[in-house]
Amino acid sequence: MQQFRQSAWVILVTLVLVLATSLAASPGWALNNPNLLPAEPTPVVDLAKSLTSIQESALVEDLATFEAETGWKLRVLTQFDRTPGIAVKEFWGLDHKSVLLVADARGGNILNFSVGDAVYPLLPRTFWIELQTRFGNQFFVREHGEDQAILAAISSLESCLRQGGCRVVPGLPREQWILTLITSVIGGLVLGFAAQPRQEGQFFAWQWALIFAPLWGMLFVVFGIGPVVSRTTEWLPLFRNTAGFAIGALVAYLTPFLGRSSTSDP
Numbered sequence: 001m002q003q004f005r006q007s008a009w010v011i012l013v014t015l016v017l018v019l020a021t022s023l024a025a026s027p028g029w030a031l032n033n034p035n036l037l038p039a040e041p042t043p044v045v046d047l048a049k050s051l052t053s054i055q056e057s058a059l060v061e062d063l064a065t066f067e068a069e070t071g072w073k074l075r076v077l078t079q080f081d082r083t084p085g086i087a088v089k090e091f092w093g094l095d096h097k098s099v100l101l102v103a104d105a106r107g108g109n110i111l112n113f114s115v116g117d118a119v120y121p122l123l124p125r126t127f128w129i130e131l132q133t134r135f136g137n138q139f140f141v142r143e144h145g146e147d148q149a150i151l152a153a154i155s156s157l158e159s160c161l162r163q164g165g166c167r168v169v170p171g172l173p174r175e176q177w178i179l180t181l182i183t184s185v186i187g188g189l190v191l192g193f194a195a196q197p198r199q200e201g202q203f204f205a206w207q208w209a210l211i212f213a214p215l216w217g218m219l220f221v222v223f224g225i226g227p228v229v230s231r232t233t234e235w236l237p238l239f240r241n242t243a244g245f246a247i248g249a250l251v252a253y254l255t256p257f258l259g260r261s262s263t264s265d266p
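Taking the UniProt record's numbering, the leading residue of the sequence shown gets 1, the next gets one more, and so forth.
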């Protein structure tokens, strides 16, 4: 029994020494390390070297000009294996009118945001989720690079804050437009099939078209047109989606007539 107690004490002392050694070796550096911050004030701290020197200089000047003109404080921190942690709050004087963009390639999405309370009424939480998923995802970073992900996110923030807020992120990516086009065409197909005549002498089954209106209307208006007009003022995506809806409806509506004409041929 005494031998067991001695062994237990040895294990406990060893664990305490290991824990104390680890704490002494890194006393909170991962959470608060002001030594990583520059001596001179700057709105950009690029520890991960995600930006070129030219990009960093241009971004520093741009953020300083933006803050002087609007009063909104945008700050950028890139990090990888080292982080200043909470030291950036005092370094930059982050407050309710501040937005801190943290780019860290160690996660699945490189972009993270620390947002002041005064920003949320202008840019809701859904905006930040879309901003993060659009520019910080691995596919965008792999195709365009970390630097463009950071610059694109900052550009969207500046644009929205200048105009007094945004519900969605400006701009319509090609992948998102293709999705709206597909939903527009499907909405047209639903309308065309619903409107097919079902009685002798009937040309257009408007009753069935009205019954299915919530479905094809949601596909075309909510998912086909809504994301386009809320993100861009360009007319071409809107025209293409409208044309896709019309063509889908026409093809679905004419399918029975085309089938009858082909079977009636000798």
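Using N, Cα and C, we set each Cβ at its ideal position, and we do this for glycine too. The structure presented is a predicted model; accordingly, all values stated were derived computationally and were not measured.
How long is the line joining the alpha carbons of L254 and I110, rounded to whole angstroms?
49 Å
Identify, in the order they occur along the chain, each residue of the same chain with its Cβ nearer than 7 Å to the Cβ of V190, setting aside the five sequence neighbours on each side.
F212, L215, W216, L219
Determine the direct distance from the alpha carbon of V221 to that of V141, and round the result to whole angstroms.
32 Å
Which residues does DSSP list as the beta-bridge partners of L101?
V76, F113
Excluding sequence positions up to five away, which residues of its chain have a Cβ less than 7 Å from the Cβ of G71?
K97
Do you know offhand how far F203's Cα is from P197's?
6 Å
By a C-beta neighbour count over all protein chains shown, 10 Å radius and 16 as the cutoff for buried, is V229 buried or exposed?
exposed
Mind checking N35: buried by the 16 CB within 10 Å criterion, or exposed?
exposed
Within 10 Å of its beta-carbon, does W206 have 16 or more other beta-carbons around it, so buried, or fewer, so exposed?
exposed
Is it buried or exposed, G28, if we count other Cβ atoms within 10 angstroms and call 16 or more buried?
Residue confidence is low: G28 scores 33 on pLDDT, short of 50, so the model does not pin down where it sits. Its coordinate-derived value is still stated next. G28 comes out exposed.
What is the DSSP secondary structure of V45, counted as helix, strand or coil?
strand
Is the beta carbon of G192 sitting closer than 8 Å to the one on A252?
yes
Secondary structure of G107, DSSP reduced to three states
coil
Which word fits residue 279, buried or exposed, when buried means at least 16 other C-beta atoms lie within 10 angstroms of its C-beta?
Because the chain in this structure spans residues 1 to 266, residue 279 falls outside the shown range and cannot be described.
Rounded to whole angstroms, what is the Cα-Cα separation between L19 and D81?
Residue placement at L19 is poorly supported in this model, since its pLDDT is 35, which falls under 50; the coordinates still yield a value, given next. Rounded to whole angstroms, L19 to D81 spans 22 Å at the Cα level.
Determine the burial state of A249: buried for a count of at least 16 other Cβ atoms within 10 Å of its Cβ, exposed for fewer.
buried
Drop a sphere of 10 angstroms on the beta-carbon of F139, count the other beta-carbons inside from all chains shown, and report buried for 16 or more, exposed for fewer.
exposed
Tell me which same chain residues have a C-beta within less than 8 Å of the C-beta of Q55, skipping the five on either side of it?
D147, L151
Distance check for S156 and T180, CA to CA, integer angstroms please.
21 Å
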